[in-house]
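A.B. asks: Just passing along the structure, written as structure tokens.
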Amino acid sequence: MVSLKNNTLHTDLYSKPTDTFNYLHWSSCHPFHTKSSIPYSLAFRLIRICSCEETLIRRLTELTEHLKRRGFPLKHIQKAIHKAKETPRSTAIQRRRLPETQKKNRIPFVITYNPALPNISSILKKYFPILHTSPRCRRAIPHLPMAAFRRPKNLRDVLVHANIQKTHICGSRPCNIRRCLACKLITTTSQFTSTVTGKTYNILHNLSCDSHNIIYVITCTKCKKQYVGLTSQTLRKRFKTHRSNINNQRGDAVGLHFNLPEHDIGHLRVTPIDQLKTQT
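Quick note: the sequence shown uses the numbering used here, first residue 436, plus one each step.
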């Protein structure tokens with residue numbers, strides 16, 4: 436927020452009326468350095484924003500109250516504010532730039548966080564010189580690795596699953612693949628009826644012309660006779676053979692039947708009814 440006083444521009448922190456200042460709670464299961472750096476970062480931010488000393492003191496007092504409400508120890512807050520105020524504002528407002536080699540070549544050492552973990556950064560600093568005694572390691576890891584923590588699973592991850600099970604639709608349907616000859620003659624249904632016993636059975640799989648390794652039923656709508664077949668191919672490939680036998684009047688059961696008097700391929704209906712786990 437910018438204001439004009441005595442012909443001088445002054446900057447101050449602006450907070451929305453709806454801001455609740457719910458910073459990370461001190462009791463949160465986060466790495467200690469993450470929690471401990473919050474007061475310093477917020478105080479340093481105020482030093483950069485507030486151009487007037489009087490305004491800065493008021494904002495730092497408000498910050499102290501907000502952090503105390505979030506469980507931060509008063510001694511830790513005061514220590515962080517004192518450390519932040521050691522940097523002059525003229526220096527604080529300047530953008531800090533890391534060396535290009537450090538930004539590009541520093542390798543992150545990623546590990547899942549746990550409160551019982553030792554100080555990984557200290558261990559890396561302590562034993563990193565040992566790696567540099569090897570010329571090969573010195574070339575592979577020229578700079579000290581940066582310890583980085585990934586979030587462990589929380590109760591929400593354990594209790595809530597994002598992957599929603601898709602609804603499994605059972606029955607037979609056309610595959611709608613271009614130039615599929617079986618699509619026009621396949622029966623869209625979730626059940627099939629035996630014309631011999633009159634019993635109706637449920638289809639327990641999601642089957643189409645493109646399904647393979649299946650049992651299928653060919654029904655003649657003219658005389659209600661049925662042919663049961665089994666194939667390891669897709670139904671549309673198997674149906675091409677049946678269609679060819681009918682057109683060429685070849686001597687298999689399907690080819691002979693649909694060449695009987697008053698019969699043609701228009702009386703044929705095919706229904707995949709089951710799928711086997713192993714190929715035939």
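Note that CB positions come from ideal geometry on N, CA and C, so glycine has one too.
Mapping DSSP to helix, strand and coil, what is C658?
C.D. replies: One-based indexing of the sequence shown puts residue 658 at position 223. Coil.
A.B. asks: Taking three-plus beta-carbon pairs below 8 Å as touching, is the region 640-653 in contact with the region 665-672?
C.D. replies: With a cut-off of 8 Å, the region 665-672 and the region 640-653 count as touching, because enough Cβ pairs lie within range.
A.B. asks: With a 10 Å radius around its C-beta and 16 neighbouring C-beta atoms as the bar for buried, classify F507 as buried or exposed.
C.D. replies: For the purposes of this step, residue 507 is taken as the residue at position 72 of the sequence shown. Buried: at least 16 other Cβ atoms inside 10 Å.
A.B. asks: Below 8 Å, can you find three or more Cβ-Cβ pairs linking the region 610-619 to the region 576-591?
C.D. replies: No contact exists between the region 610-619 and the region 576-591.
A.B. asks: Buried or exposed, going by whether 16 or more other CB atoms sit within 10 Å of the CB of T568?
C.D. replies: Numbered from its first residue, the sequence shown carries residue 568 at position 133. Per the 10 Å Cβ criterion, exposed.
A.B. asks: To the nearest angstrom, how far is it from the Cα of L448 to the Cα of C485?
C.D. replies: If you number the sequence shown from 1, residue 448 lands on position 13. If you number the sequence shown from 1, residue 485 lands on position 50. Answer to the nearest angstrom: the Cα atoms are 7 Å apart.
A.B. asks: Name the residue from W461, T469, R524 and K510 whose alpha carbon lies nearest to the alpha carbon of L481.
C.D. replies: As a position in the sequence shown, residue 481 is number 46, starting the count at 1. The option with the nearest alpha carbon to L481 is R524.
A.B. asks: Could you compute how far the alpha carbon of L691 sits from the alpha carbon of R704?
C.D. replies: If you number the sequence shown from 1, residue 691 lands on position 256. If you number the sequence shown from 1, residue 704 lands on position 269. Rounded to the nearest angstrom, the two C-alpha atoms are 16 Å apart.
A.B. asks: Looking at the strands, I want to know which residues DSSP matches up with M581.
C.D. replies: Residue 581 sits at position 146 when you count from the first residue of the sequence shown. Beta-bridge pairing links M581 to P543.
A.B. asks: Report the option in I512, T622, H465 and G633 whose CA atom is closest to the CA atom of T547.
C.D. replies: Locating residue 547 in the sequence shown gives position 112, where the first residue counts as 1. Checked all of I512, T622, H465 and G633; the closest Cα to T547 is H465.
A.B. asks: In angstroms with no decimal places, state the Cα-to-Cα distance between G606 and H698.
C.D. replies: Working through the sequence shown from its first residue, we reach residue 606 at position 171. Working through the sequence shown from its first residue, we reach residue 698 at position 263. Distance between the alpha carbons of G606 and H698: 28 Å.
A.B. asks: Does DSSP put K440 in a helix, in a strand, or in coil?
C.D. replies: Position 5 of the sequence shown, counted from the first residue, corresponds to residue 440. If DSSP states are grouped into helix, strand and coil, K440 belongs with the strands.
A.B. asks: Check Q513 in the structure and name its three-state DSSP category.
C.D. replies: As a working mapping, residue 513 is identified with position 78 in the sequence shown. Helix, per DSSP.
A.B. asks: Would L642 pass as a contact of Q710 if the rule is Cβ separation under 8 Å?
C.D. replies: Against the sequence shown, residue 642 aligns to sequence position 207. Against the sequence shown, residue 710 aligns to sequence position 275. Yes. Within cutoff.
A.B. asks: Quickly, what does DSSP pair T453 with across the bridge? List them, please.
C.D. replies: Here residue 453 is taken as the residue at index 18 of the sequence shown, counted from 1. T453 is not bridged to any residue.
A.B. asks: Whole angstroms is fine: what's the gap from Y475's alpha carbon to I604's?
C.D. replies: Taking the first residue of the sequence shown as position 1, residue 475 is located at position 40. Taking the first residue of the sequence shown as position 1, residue 604 is located at position 169. Roughly 58 Å separates the two Cα atoms.
A.B. asks: Alpha carbon to alpha carbon, how far is R504 from F456?
C.D. replies: Along the sequence shown, read from residue 1 onward, the residue named residue 504 stands at position 69. Along the sequence shown, read from residue 1 onward, the residue named residue 456 stands at position 21. Distance between the alpha carbons of R504 and F456: 10 Å.
A.B. asks: What is the rounded straight-line gap between the Cα of I708 and the Cα of F544?
C.D. replies: Against the sequence shown, residue 708 aligns to sequence position 273. Against the sequence shown, residue 544 aligns to sequence position 109. Each residue's Cα considered, the two are about 55 Å apart.
A.B. asks: Could you check what DSSP says for T446 in three-state terms: helix, strand or coil?
C.D. replies: Numbered from its first residue, the sequence shown carries residue 446 at position 11. Reduced to three states, the DSSP call for T446 is strand.
A.B. asks: Pick helix, strand or coil for V663, following the three-state DSSP scheme.
C.D. replies: For this step, residue 663 is matched to residue 228 along the sequence shown. V663 falls in the strand class under three-state DSSP.
A.B. asks: Please name the residue or residues paired with G606 in a DSSP beta bridge.
C.D. replies: Here residue 606 refers to the residue found at position 171 when the sequence shown is read from its first residue. According to DSSP, G606 bridges with N641.
A.B. asks: Can you tell me whether DSSP reads P707 as helix, strand or coil?
C.D. replies: Counting from one through the sequence shown, the residue named residue 707 turns up at place 272. In the structure shown, P707 sits in a strand (DSSP, three-state: E or B).
A.B. asks: At the level of alpha carbons, what is the spacing between L559 and T469?
C.D. replies: Looking up residue 559 in the sequence shown gives position 124. Looking up residue 469 in the sequence shown gives position 34. In a straight line, the C-alpha of L559 is about 18 Å away from that of T469.
A.B. asks: Determine whether the beta carbon atoms of A519 and A478 lie at a separation below 8 Å.
C.D. replies: Looking up residue 519 in the sequence shown gives position 84. Looking up residue 478 in the sequence shown gives position 43. For A519 and A478, yes; Cβs fall inside 8 Å.
A.B. asks: CA-CA distance, P570 and I542?
C.D. replies: For the purposes of this step, residue 570 is identified with residue 135 of the sequence shown, where counting begins at 1. For the purposes of this step, residue 542 is identified with residue 107 of the sequence shown, where counting begins at 1. Going by the C-alpha atoms only, they are around 17 Å apart.
A.B. asks: Which two residues bound the contiguous alpha helix (DSSP H) that contains F627?
C.D. replies: Looking up residue 627 in the sequence shown gives position 192. Unbroken run through F627 is the beta strand (DSSP E), Q626 to T628; no alpha helix (DSSP H).
A.B. asks: So, at 6 Å on beta carbons, what are the nonlocal neighbours of D564 in its own chain, with the 5 sequence-adjacent residues on each side left out?
C.D. replies: To locate residue 564, count along the sequence shown from 1; it is residue 129. Residue identity check: residue 564 is Pro in the sequence provided, not Asp. Hits under 6 Å: none found.
A.B. asks: Would you mind sorting S438 into buried or exposed? The rule is 16 or more other CB atoms within 10 Å of its CB.
C.D. replies: Counting from one through the sequence shown, the residue named residue 438 turns up at place 3. Exposed, because fewer than 16 other Cβ atoms sit within 10 Å of the Cβ of S438.
A.B. asks: Once the 5 residues before and after H490 are set aside, which same chain residues still bring their CB inside 7 Å of it?
C.D. replies: In the sequence shown, the residue the question calls residue 490 occupies position 55. Note on residue identity: the sequence assigns Thr, not His, to residue 490. Counting only Cβ-Cβ distances below 7 Å, and skipping sequence neighbours, we find D447.
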